[in-house]
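Encoded as structure tokens, the structure appears first; notes follow it.
See the structure below:
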């Protein structure tokens, strides 16, 4: 039996091709959604404006072949319908709906449902408030799942049944064949012997072989006082100090993702291995056009780059700089162009060469922003993506459709990418910060995960 799917505006903004992804079913686009897309095409948020224009073009291509009744057959066997609200005022009055756009969409869904009682009608939206409202009016509602991805791959694993002789061979030969089919390219492996609990080795899987990672990390970071505090940081430093064009570090706040990335980038620019360290940090208002704000570009983005500056001060202090000289050194690094902080809004279309590019808070970037950033890396450039998929501040994204999770999934197994996820017990913050996180966020975090896994409902 065919189903009727009514798409909310945010679905088309997330994926302009979503209309083709509902198999042999009817896809309805309410007129108010087209009005919203038209209003968003000149949004101050450049990403929203781009997505709105893309969705409008996709609908325009279909409209050229559309019948006068607003119906057109899709190549996948489905049907697209531009749906005016014939009796919208009737439904709005009957159900006590206002003239808000969300309520207009709800009235269209109610009308389509009542006109097609033999078919299931479903509203597709990623807006949580819209989902709650719809359930209150008895509407069947779903997330748009085509862009939802899992992030179960951590870039690290433990093999606990390794023969002791093979571990000995790894230490002597520096590499041994990998006979485990479930090991990915550039995956970190902790090898443990089943015969001798004291015997273990750290390795990375490359071209179907285990390559030894030294337990002693001396020399891996030439800034002498930057040393790993746990296994995750060892893996991260290995990835950052080797020639991977793309490194992805994910995990909870306080695990040292940004700190270690900045320390290694600073080391590389001081050694002349790269021309500059480029700092990028997507934020909801950061990605919008910033011209209406006072000051030049640097003064506008400075507050957003404060976490980088804090880490810089700590790194320089640990490496022997007097407190009264630290700010002078940071100023000099920026003045000479060795360090740059730029607006993420203007990265599209560039070719950035010979640079160490750090994109922090990558979970707040969209898929297209991550695609744009990664494809901007030119000759001799490296990109590091840092973020926590669980801490999404962008209202249009969640833990399953953000740019960081997209990159983690798509780049899994690539020989040009090394990724590693920190575990929660690898947080290096102060005892107070760890205790506050545990006590103040545990309830809301558990509730959120219960919703995402379907263990609670809106009803």
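Residue numbers (our numbering): 1 to 459. A virtual CB, placed ideally from N, CA and C, is assigned to each residue, including glycine.
query                                                                                                                                                                    : result
Is it the case that the CB of residue 239 approaches a heavy atom of the ligand PLP more closely than 8 Å?                                                               : For the structure depicted, the ligand PLP is absent and the ligand set is empty, with no information on it obtainable.
Are there 16 or more other CB atoms within 10 angstroms of the CB of residue 133, so buried, or fewer, so exposed?                                                       : buried
Determine the closest residue to residue 402 out of 139, 82, 126, 43, with distance taken between C-alpha atoms.                                                         : 126
In chain order, what residues of the same chain have a beta carbon less than 8 Å from the beta carbon of residue 323, not counting five sequence neighbours either side? : 317
Give, in chain order, every unbroken run of the beta strand (DSSP E) that is at least 3 residues long and sits entirely within the segment 152 to 185.                   : 156 to 162, 175 to 177
Can you check the segment 66 to 151 for any beta strand (DSSP E) of at least 3 residues that lies completely inside it and give the ranges in chain order?               : 71 to 73, 79 to 83, 121 to 124, 140 to 142
Using C-beta distances below 6 Å, list every residue in its chain close to residue 313, excluding the 5 sequence neighbours before and after it, in chain order.         : 326
Would residue 379 be called buried (16 or more neighbouring beta carbons within 10 Å of its own) or exposed?                                                             : exposed
Mind checking residue 61: buried by the 16 CB within 10 Å criterion, or exposed?                                                                                         : exposed
Should the segment 160 to 173 be regarded as contacting the segment 390 to 410, the criterion being three or more beta carbon pairs within less than 8 Å?                : no
Locate the alpha helix (DSSP H) running through residue 276, then write down its first and last residues.                                                                : Looking at the DSSP string, residue 276 is not in any alpha helix (DSSP H); the run it does join, the beta strand (DSSP E), is 276 to 280.
Please return the same chain residues whose Cβ sits closer than 7 Å to the Cβ of residue 337, not counting the five positions on each side in sequence.                  : 276
Give me the residue from 308, 255, 254 with the minimum Cα distance to residue 473.                                                                                      : Limits of the chain in this structure are 1 at one end and 459 at the other, which puts residue 473 out of reach.
Ignore the nearest five residues each way along the sequence and tell me which others in residue 101's own chain have a CB closer than 7 Å to its CB.                    : 32, 36
Use the C-beta contact count for residue 160: other C-beta atoms within 10 angstroms, 16 or more gives buried, fewer gives exposed.                                      : exposed
For residue 404, count the other beta carbons within 10 Å of its own beta carbon; 16 or more makes it buried, fewer makes it exposed. Which is it?                       : buried
Are the beta-carbon atoms of residue 426 and residue 227 separated by less than 9 Å?                                                                                     : no
Starting from residue 367, trace the alpha helix (DSSP H) both ways and give me its first and last residue.                                                              : 367 to 374
Among the candidates 13, 63, 399, whose CA atom is the shortest distance from the CA of residue 43?                                                                      : 13
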